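Everything in the sequence shown is counted per this note's numbering, starting at 36 for the first residue and increasing by one.
All C-beta atoms, glycine included, are put in the ideal place defined by N, C-alpha and C.
Here the structure is a predicted model, which is why all the values come from computation and not from measurement.
What follows is one structure encoded as structure tokens, with my remarks underneath.
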Amino acid sequence: MKILVINSGSSSLKYQLIDMENESVLAKGLCERIGIEHSNFIYKAHGQTIEQEVEMPNHNTAVRLVLNKLTDKKVGVISSMDEIDGVGHRVVASGEAFKKPTLVTPRSMELMEEIKDLAPLHNPAAIIGVNACLAEMPNTPMVLVFDTCFHFTMPDYAYMYAIDYSHYEKYKIRRYGAHGTSHKFVAQEAAKYLGKDIKDLKIITCHLGNGSSITAIKGGQCIDTSMGFTPLAGVPMGTRSGDIDYSAAEFLAKKEGMDVAQMLKYLNKKCGVLGVSGVSSDFRDLTDAADAGNSRAELALNMFTYNTKKYIGAYAAALNGVDVIVFTAGIGENDNLVRRKSLKDLDYLGVKLDDSKNDSCPRGVISEIQAADSKVKVLVVPTNEELVIARETMLEAKLG
């Protein structure tokens, strides 16, 4: 049983082919700069990496390149497209139209069009990716897997905004969250690693990357999460502002002569640690700059870790305690400084970090980094959103 996982961006397409018999990755790669000059195609299989500049005017061409490479006689991993039993598509926002993974049908694609404005940077690209795959594989079952689905267990008082209730009813304006596949996966992996039933655990998962979100999980279910109606809310991120007073945004827009669309682009693309530091959205660059004495880079790091700590504290309150804190994603898994600063002064919660374990944390495996006398487990857990998408695809398409 083989599942192809597709994560389509506006000018990119990530892919993985996963053998579900042993959940191993047979091949993976990336199509970059689709529709732009000097398009780049990356294919990894058999321990080798092939990278080449190939013209990709659209996503259909990119999908065709992927399928051709997967079935190539020399470097391919399958003999024909018939070996692909299903395709799972990552979608950021579901609105209330989809509360679970859903088969691709004409009706589900109509609903996708209706909700594409909920994630204007992501959902339209997902639609393009689905249509490109349908053009090449019309008879293969396909499933939409949403970042938001894991968060639908939030109680109404956690997901509602204090706006006129009729506007919630009419437009479904509420907290949806994101990174749900990641939060779900690492929470389950943490429970498995600890030998505990997830139903007995209170877990705070910190998905920290260029986009970051923090989630409170009780008994295996999300009860709150930091991202909101869109992935703009929460902690400051690579280029996203995170939480901000709306009046401040309006004030700035008037001063700079920006309309709503321009302001949203500004908040999504030019703020966060990039805007504060003026250096980079990459935390490695920020750390180097801070070490070299750049005060704005240091400020950006302090703002990010302080806000992460605030959410951890808030969610400990929402959970009535915490058993496990999990760090994951590019920054969470690899940045020991961010982990240390985010957990500083949480002694009152019983959180104590072992600096030596934190600083020498190996990559790619689950690691405990708490001190011996810490009352709370602190784990670094590599995420695997593609595997979650593949699993959900198998279940929803009733494969296997």
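> If you count every other CB in all the chains shown that lies within 10 Å of the CB of GLN51, and 16 or more means buried, which is it?
Replying inline: Result: buried.
> What are the uninterrupted segments assigned as beta strand (DSSP E) that are 3 or more residues long and contained completely in the region 160–203, given in chain order?
Replying inline: Fully enclosed beta strand (DSSP E) runs of 3 or longer: 177–181.
> What residue from ILE404, ALA161, ILE258 has the CA that sits closest to ASN355's CA?
Replying inline: Of the candidates ILE404, ALA161, ILE258, ILE258 places its Cα closest to the Cα of ASN355.
> Of the residues LEU169, GLY269, ASP152, GLN223, which one's Cα is nearest the Cα of VAL415?
Replying inline: Closest option to VAL415, Cα to Cα, is GLN223.
> Exposed or buried, what is VAL270 when buried is set at 16 or more other beta-carbons lying within 10 Å of its beta-carbon?
Replying inline: Within a 10 Å sphere around the beta-carbon of VAL270 sit 16 or more other beta-carbons, which makes this residue buried.
> Leaving out five residues before and five after LEU65 in sequence, what residues of the same chain have Cβ atoms less than 6 Å from its Cβ?
Replying inline: Correct list, in chain order: LYS49, ILE77.
>> Quick check on this structure: which residue in SER247, MET189, TYR281 has the alpha carbon closest to the alpha carbon of TYR346?
In response: That would be SER247, whose Cα lies nearest to the Cα of TYR346.
> So, helix, strand or coil for VAL423, using DSSP?
Replying inline: Three-state result, VAL423: helix.
>> Rounded to the nearest angstrom, what separates THR260 and TYR228 at their Cα positions?
In response: Roughly 23 Å separates the two Cα atoms.
>> In chain order, what are the residue ranges of uninterrupted beta strand (DSSP E) at least 3 long that sit wholly in the region 75–132?
In response: The DSSP assignment places complete beta strand (DSSP E) segments of no fewer than 3 residues inside the region 75–132 at 75–80, 83–88, 121–126, in order along the chain.
> Exposed or buried, which one is THR363 when buried takes at least 16 other CB atoms within 10 Å?
Replying inline: In the assembly as shown, THR363 is a buried residue. Its beta-carbon has 16 or more other beta-carbons within 10 Å.
> Quick one, are the C-beta atoms of ILE71 and ASN93 less than 8 Å apart?
Replying inline: Contact: no.
> Closest to CYS396 by CA distance: which of ASP380, SER409, ASN371 is it?
Replying inline: For CYS396, the nearest C-alpha among the options comes from ASN371.
>> With H, G and I counted as helix, E and B as strand and the rest as coil, what does DSSP make of THR140?
In response: Coil.
> Whose CA, out of SER377, ALA128, GLY273, lies closest to the CA of TYR301?
Replying inline: When each option's Cα is compared against that of TYR301, the closest is GLY273.
> Do you know how far the Cα of HIS214 is from the Cα of THR240?
Replying inline: Their backbone Cα atoms lie some 11 Å apart in a straight line.
>> Run through the DSSP bridge pairs and tell me what GLY296 is partnered with.
In response: At residue 296 the sequence reads Ala, which differs from the Gly that was named. Its beta-bridge partners do not exist; DSSP assigns none.
>> How far does the beta strand (DSSP E) with VAL270 in it extend, from its first residue to its last?
In response: No beta strand (DSSP E) contains VAL270, which DSSP labels as neither H nor E.
> Between ILE150 and the rest of its own chain, which residues show a CB-CB distance below 6 Å, the 5 nearest in sequence each way excluded?
Replying inline: GLY130, ALA132.
>> Here's the rule: buried if 16 or more other CB atoms are within 10 angstroms of the residue's CB, otherwise exposed. What is GLU148?
In response: By the neighbour-count criterion, in which 16 or more other beta carbons inside 10 Å mark a residue as buried, GLU148 falls on the exposed side.
>> Closest to ASN245 by C-alpha separation, out of ALA251, LYS253, ASP235, PRO266, would be which residue?
In response: With distances taken between Cα atoms, ASN245 lies closest to PRO266.
> How big is the Cα-Cα spacing for GLU427 and GLU90?
Replying inline: So the alpha carbons of these two residues sit roughly 33 Å apart.
>> Just to confirm the assignment, what range does the beta strand (DSSP E) spanning PHE264 have?
In response: Going by DSSP, PHE264 is part of no beta strand (DSSP E) at all; its letter is neither H nor E.
>> Taking the beta strand (DSSP E) that LEU438 belongs to, which residues open and close that run?
In response: Because the chain spans 36 through 435 in this model, residue 438 falls outside it and cannot be assessed.
>> I'd like to check one pair, VAL357 with ALA351: are the Cβ atoms closer than 8 Å?
In response: Against a cut-off of 8 Å, the Cβ pair of VAL357 and ALA351 comes out as a contact.
>> DSSP three-state label for LEU48, please.
In response: Note: LEU48 maps to strand in three-state DSSP.
> What are the boundary residues of the alpha helix (DSSP H) that includes GLU285?
Replying inline: Per DSSP, GLU285 belongs to the alpha helix (DSSP H) from 281–291.
>> Please state the DSSP three-state secondary structure of ASP54.
In response: In the three-state reduction of the DSSP assignment, ASP54 falls in the strand class, which pools E and B.
>> Using DSSP's beta-bridge definition, name the partner residues of GLU403.
In response: In the DSSP assignment, GLU403 forms a beta bridge with LEU414.
>> Along the chain, where does the beta strand (DSSP E) containing SER409 start, and where does it finish?
In response: Note, SER409: premise wrong, no beta strand (DSSP E); not H, not E.
> Near ALA225, what residues of its chain come up, given a Cβ to Cβ distance below 7 Å and the 5 sequence neighbours on each side ignored?
Replying inline: Only ILE238, VAL359, VAL361, LEU414, VAL416 meet the Cβ criterion.
> When you compare each of ARG374, ILE233, GLU333, LYS290 to VAL311 by their alpha carbons, which one comes out closest?
Replying inline: Selected option, being the one with the closest Cα: GLU333.
> Can you tell me where the alpha helix (DSSP H) with GLU72 in it begins and where it stops?
Replying inline: First-last for GLU72: undefined, no H or E at that position.
>> Less than 8 Å between the C-beta atoms of TYR211 and ALA284, yes or no?
In response: Cβ distance not < 8 Å, so TYR211 and ALA284 don't count as in contact.
> What is the DSSP secondary structure of SER43, reduced to helix, strand or coil?
Replying inline: Strand.
> Between GLY307 and GLU420, what straight-line distance do the alpha-carbon atoms span, to the nearest angstrom?
Replying inline: Approximately 24 Å between the Cα atoms of the pair.
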